[in-house]
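In this note's numbering, the protein residues as written are 283 to 876.
C-beta atoms are modelled at their ideal positions from N, C-alpha and C, and glycine is treated no differently.
Here is the structure we will look at.
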């Protein structure tokens with residue numbers, strides 16, 4: 283059962299709609315995104331024309347120092363290693379930095395740790411290996427903020443260390459103050475550290491790497507708009523896939539990336555777009571997050587993310603085609619593994635002693651650690667509880683955590699830091715390693731400290747505005763589409779209407795589980811087409827609740843519901859045979875209260 287909550291705002295949305303020349307529903311969405319001025323609204327509606335200037339980017343702590351350090355190393359022909367991560371954000375960050383360093387004439391190679399053999403982040407064995415390979419400059423991206431001992435070792439080995447990260451720094455509590463525990467790098471670039479004055483804190487690592495690369499290119503006199511647009515496209519994919527807030531700078535990055543992506547001349551991206559069947563299609567944030575991104579992630583999950591880096595670094599079209607084909611094949615394999623892992627985790631979560639746990643700590647030694655995070659996310663989505671999915675690894679146990687809004691995962695794990703051999707992350711997600719014998723104490727400690735209420739553990743549908751059917755037309759649907767890209771911080775707008783009848787419904791799709799329906803508003807008599815992709819269980823439960831069982835077969839056969847219902851939905855555009863019309867996408871429904 284989900285809670286329906288109407289968003290509230292003190293903004294005069296009627297006046298906003300009049301001033302901007304937009305529909306009232308659209309103005310309500312803007313106000314609910316904390317947009318209060320015409321200037322803010324214009325930026326949200328039409329995007330920022332300019333990327334932040336080099337002066338603005340240099341407000342980021344150590345950004346200018348790090349850029350100049352790297353530029354000097356390039357000029358001195360020092361051996362540079364970009365140390366990334368095996369997810370989309372780490373891969374794209376590595377590609378952006380390596381391409382930029384090469385563009386400036388540097389000597390660089392990429393190092394992506396192996397998920398199973400090395401785990402997340404910098405490790406001492408890698409530092410020793412890079413030392414033996416005569417590495418002089420170590421540039422970490424999407425990791426490093428938590429690598430205190432490893433960076434200390436790299437410094438002892440004589441390396442210059444530059445950290446580009448976006449994760450939360452660890453800290454210790456001293457009374458009412460937090461003291462951050464930071465590595466002693468030569469340049470430490472992370473907007474989330476307290477000393478950083480950069481106003482926008484939600485960039486992913488690739489977003490930070492893109493800003494860094496633009497500054498490097500400008501300082502080196504190597505600026506090139508087409509090349510920077512190519513880098514921006516990589517950053518936009520990572521921004522969607524890393525599930526950071528799609529607001530302000532992040533939203534600008536993604537909007538611009540989606541403009542450039544369909545016509546990209548980048549060899550690897552073009553090959554991947556073709557292999558995934560996206561060529562010639564209008565690309566949206568969905569395609570970045572659920573088609574392109576998973577293929578990039580699959581290499582790091584099942585083999586080595588170095589293959590994905592190679593795809594985007596090569597200019598050889600045949601090699602790119604081969605790499606892209608492998609990415610798509612690995613992703614298909616990953617999908618099957620994820621389905622099985624999720625099913626097993628859900629079964630376990632519904633059994634005792636886990637069924638009543640507000641925080642789920644699930645251990646399954648058979649789960650492939652590369653899909654543990656995806657499985658954790660899917661269980662979290664279905665049960666609306668924080669989930670830690672743990673599996674067996676080469677050196678003990680390894681886990682991935684996914685959280686809900688009311689539970690800060692990183693801070694919760696920080697309170698259990700003595701149980702881990704390694705951990706890191708942020709409010710909504712984390713990764714960690716620990717001895718197997720510490721799994722039970724971890725569950726006990728997390729449950730003991732958990733303050734989540736029953737309300738926190740109930741999924742919420744946040745409604746922008748209650749609409750009448752007379753307000754819904756193609757113009758409104760187009761305006762709302764213009765508020766995309768949608769994601770964290772800028773969810774697809776949801777609306778509600780009460781006292782609506784299902785005039786005609788049917789079941790479609792391969793498994794006959796997609797509900798197609800014509801809705802009639804009682805007050806106006808207006809009708810709109812709607813569809814529900816995941817509402818079959820809700821529909822059957824309401825049928826059970828609202829009518830005697832002997833009527834069910836007749837109702838299903840005639841396709842008519844004679845009692846009024848309330849609906850929550852998004853307003854979408856359905857295009858068929860070149861003609862576009864409004865279609866409501868149903869998110870939830872219930873009987874209208876008398």
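Backbone CA spacing between residue 470 and residue 819 [nearest angstrom]: C-alpha separation (whole angstroms): 50 Å.
First and last residue of the uninterrupted alpha helix (DSSP H) at residue 457: Note, residue 457: premise wrong, no alpha helix (DSSP H); not H, not E.
Of the residues 785, 755, 873, 834, the one placed nearest residue 852, counting alpha carbons only: In terms of CA proximity to residue 852, 755 leads the group 785, 755, 873, 834.
Residue interval of the beta strand (DSSP E) (run including residue 679): It spans 678-684 - the beta strand (DSSP E) in which residue 679 sits, taken as one unbroken run.
Integer-rounded CB distance, given that residue 854 should sit under 8 Å from residue 759: The beta-carbon distance between residue 759 and residue 854, rounded to whole angstroms, is 7 Å. This is short enough to meet the 8 Å contact definition.
Neighbour-count burial assignment, residue 821, 16 or more Cβ in a 10 Å radius: By the C-beta density criterion, residue 821 is buried, having at least 16 other C-beta atoms within 10 angstroms.
Where residue 486 falls: helix, strand or coil (DSSP): Residue state, collapsed to three classes: coil.
Extent of the continuous beta strand (DSSP E) run through residue 430: Element bounds for residue 430: not the beta strand (DSSP E) but the alpha helix (DSSP H), 430-438.
Beta-carbon proximity list for residue 355, same chain, < 8 Å, skipping 5 on both sides: For residue 355, the CB contacts under 8 Å within the same chain, skipping 5 residues up- and downstream, are 362, 388, 418, 419, 442 in chain order.
Runs of alpha helix (DSSP H) wholly within the segment 289-339 (minimum 4 residues, chain order): You should have 295-302, 306-314, 320-328, 336-339.
First through last residue of the alpha helix (DSSP H) which encompasses residue 512: Its alpha helix (DSSP H) spans residues 507-523.
Residues of its chain near residue 720, where Cβ-Cβ distance is below 7 Å and the 5 sequence neighbours each way are ignored: Closer than 7 Å at the Cβ level, and outside the excluded window around residue 720, lie 701.
Helix, strand or coil at residue 405 [DSSP, three-state]: Residue 405: coil per DSSP, three-state reduction.
Residue 397, DSSP secondary structure in three states: When secondary structure is reduced to three states using DSSP, residue 397 falls in the coil class, being assigned neither helix nor strand.
Counted within 10 angstroms of its Cβ, other Cβ atoms place residue 463 as buried (16 or more) or exposed: Residue 463 should be labelled exposed.
In DSSP terms, what residue 599 is bridged to: According to DSSP, which records beta bridges pairwise, residue 599 is partnered with nothing at all.
Of the listed residues 779, 815, 315, nearest to residue 792 (C-alpha basis): The option with the nearest alpha carbon to residue 792 is 815.
Same chain, Cβ closer than 8 Å to residue 560, five either side skipped, listed in chain order: Excluding sequence positions up to five before and after residue 560, its CB lies within less than 8 Å of the CB of 569, 573, 574, all in the same chain and listed in chain order.
Proximity below 7 Å, CB of residue 499 to CB of residue 507: Taking 7 Å as the Cβ cut-off, residue 499 and residue 507 do not qualify as a contacting pair.
Cβ contact (3+ pairs, closer than 8 Å) linking the segment 641-655 and the segment 611-619: Yes: at least three Cβ pairs fall under 8 Å.
Residue 536 beta carbon less than 7 Å from that of residue 767: A contact, by the Cβ cut-off of 7 Å.
Three-pair Cβ contact test at 8 Å for the segment 716-733 versus the segment 678-695: Because the criterion of three Cβ pairs below 8 Å is met, the segment 716-733 and the segment 678-695 touch.
Pair within 7 Å by beta-carbon distance, residue 474 and residue 456: Not closer than 7 Å, so no.
7 Å Cβ cutoff met for residue 717 and residue 678: Closer than 7 Å, so yes.
Residue 772 vs residue 528 beta-carbon contact at 7 Å: The beta carbons of residue 772 and residue 528 sit closer together than 7 Å.
Cutoff 6 Å; reference residue 402; Cβ partners in own chain excluding five residues on either side: For residue 402, where only same-chain residues beyond five positions count, the Cβ hits under 6 Å are 713.
Contact between the segment 403-415 and the segment 373-388 (3+ Cβ pairs under 8 Å): No, the segment 403-415 is not in contact with the segment 373-388.
Cβ contact check for the segment 507-521 and the segment 546-559: 3 or more pairs under 8 Å: The way I'd put it, the segment 507-521 does touch the segment 546-559; three or more beta-carbon pairs between them come closer than 8 Å.
Own chain residues within Cβ distance below 7 Å of residue 371, not counting five before or after: If we look at residue 371 and ignore the five residues flanking it on each side, its Cβ neighbours are 424, 486, 487, 488, 520, 523, 524.
8 Å Cβ shell around residue 787 - same chain, five flanking residues per side excluded: These residues qualify, in order along the chain: 797, 798, 799, 800, 841, 842, 843.
Nearest candidate by alpha-carbon position, reference residue 428, set 334, 783, 705, 635: The residue with the shortest Cα to Cα distance from residue 428 is 705.
Length at least 3, wholly inside the segment 360-393: the beta strand (DSSP E) runs in chain order: Those beta strand (DSSP E) runs which fall completely within the segment 360-393 and span 3+ residues are 361-365, 389-393.
Range covered by the alpha helix (DSSP H) that runs through residue 820: Annotation for residue 820: the continuous alpha helix (DSSP H) segment containing it runs 818-828.
Per-residue DSSP class, three states only, for residue 662: Annotated three-state conformation of residue 662 is helix, per DSSP.
Residue 860 burial status per 10 Å Cβ neighbour count (16 or more: buried): Burial is judged here by how many other beta carbons sit within 10 angstroms of a residue's own beta carbon; residue 860 has fewer than 16 and is exposed.
Cα-Cα separation, residue 624 to residue 545: Residue 624 and residue 545 have their C-alpha atoms some 37 Å from each other.
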